[in-house]
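**Q**
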C-alpha cells in the first residue's frame, strides 16, 4: 500500500502544504513522481492500477 500512500501525497496530500507552511510540489515534479510511482512492481506486477 506504499504506492497508494505516495500517490495520495503527490495529489490529495498537496492540499495540506500551505496550512502546514510547506511549498506545494511543482507540476513537473508531480508528473515525474507519477511516472516513477506507476512503474513500481512486485514480482513483475504493477502495484498501482487504474491511474
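Residue numbers (our numbering): 129 to 179. Just so it is clear, CB atoms sit at the ideal spot from N, CA and C, and this is done for glycine as well. Quick caveat: nothing in here was measured; it's all calculated off a predicted structure.
1) Can you tell me the Cα-Cα spacing of residue 157 and residue 173, whole angstroms?
2) Residues in the same chain with beta-carbon distance under 7 Å from residue 151, minus the five sequence neighbours each way, listed in chain order, please.
3) Just to confirm the assignment, what range does the alpha helix (DSSP H) spanning residue 166 have?
4) Would a C-beta distance cut-off of 7 Å place residue 165 and residue 148 closer than the cut-off?
5) Can residue 168 and residue 131 be called in contact, C-beta distance under 7 Å?
**A** Reading it off the structure:
1) In this structure, the CA atom of residue 157 is about 25 Å from the CA atom of residue 173.
2) Hits under 7 Å: 145.
3) For residue 166, the enclosing alpha helix (DSSP H) begins and ends at 155-166.
4) Cβ atoms of residue 165 and residue 148: not closer than 7 Å.
5) It is a contact, given that the beta carbons lie within the stated cut-off.
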